[in-house]
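Engineer:
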Amino acid sequence: MHPTEDASRSAADDSPAHGPTSSPGGQLPSGRSLLAGREVTGDGDAWYAVAAATGEPFGTPYRDASAAQVAEAARLAAA
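What follows is the structure in structure tokens.
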């Protein structure tokens, strides 16, 4: 627990089974890729984060970028 956090919170409040509610940057991952500065949903296979304590998937589905999306990103980066 960080020294500035409320010490009355119990360990159950931080249960990984519920998944994260924030990240160090203050924003949870969106499950999207950046293509030319904009967020896009990948066209590839979907997968989920898994709670370490339970093995259960949770949160936003993540999608891999497709080969076409990777090629487009490379083309735009080279321009």
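In the numbering used here, the protein residues as written are -1 to 77.
We put the CB at the ideal spot given by N, CA and C, even for glycine.
Quick caveat, the model's predicted, so the values are computed rather than measured.
Below 8 Å on the Cβ atoms is my guess for R61 versus A44; work out the distance and round it to an integer in Å.
Structural biologist: Indexing the sequence shown from 1 puts residue 61 at position 63. Indexing the sequence shown from 1 puts residue 44 at position 46. Confirmed, Cβ separation roughly 5 Å.
Engineer: In whole angstroms, what is the alpha-carbon distance linking D41 and A49?
Structural biologist: Numbered from its first residue, the sequence shown carries residue 41 at position 43. Numbered from its first residue, the sequence shown carries residue 49 at position 51. Computed Cα separation, rounded: 24 Å.
Engineer: Assuming A47 and P55 form a contact by the criterion Cβ under 8 Å, report the distance between their Cβ atoms to the nearest whole angstrom.
Structural biologist: Locating residue 47 in the sequence shown gives position 49, counting from the first residue. Locating residue 55 in the sequence shown gives position 57, counting from the first residue. Correct: roughly 7 Å between the Cβ atoms.
Engineer: What residues in its chain sit with their C-beta under 7 Å from that of T39, if we drop five residues either side in the sequence?
Structural biologist: Along the sequence shown, read from residue 1 onward, the residue named residue 39 stands at position 41. Hits under 7 Å: R30 and R61.
Engineer: Do you know how far the Cα of Q67 is from the Cα of D4?
Structural biologist: If you number the sequence shown from 1, residue 4 lands on position 6. If you number the sequence shown from 1, residue 67 lands on position 69. Legend: pLDDT at D4 = 48, less than 50; position of this residue unreliable, value from coordinates given subsequently. Cα to Cα, D4 sits roughly 45 Å from Q67.
Engineer: Along the alpha helix (DSSP H) that carries A75, what are the first and last residues, could you check?
Structural biologist: Counting from one through the sequence shown, the residue named residue 75 turns up at place 77. Here the alpha helix (DSSP H) through A75 covers A65 to A76.
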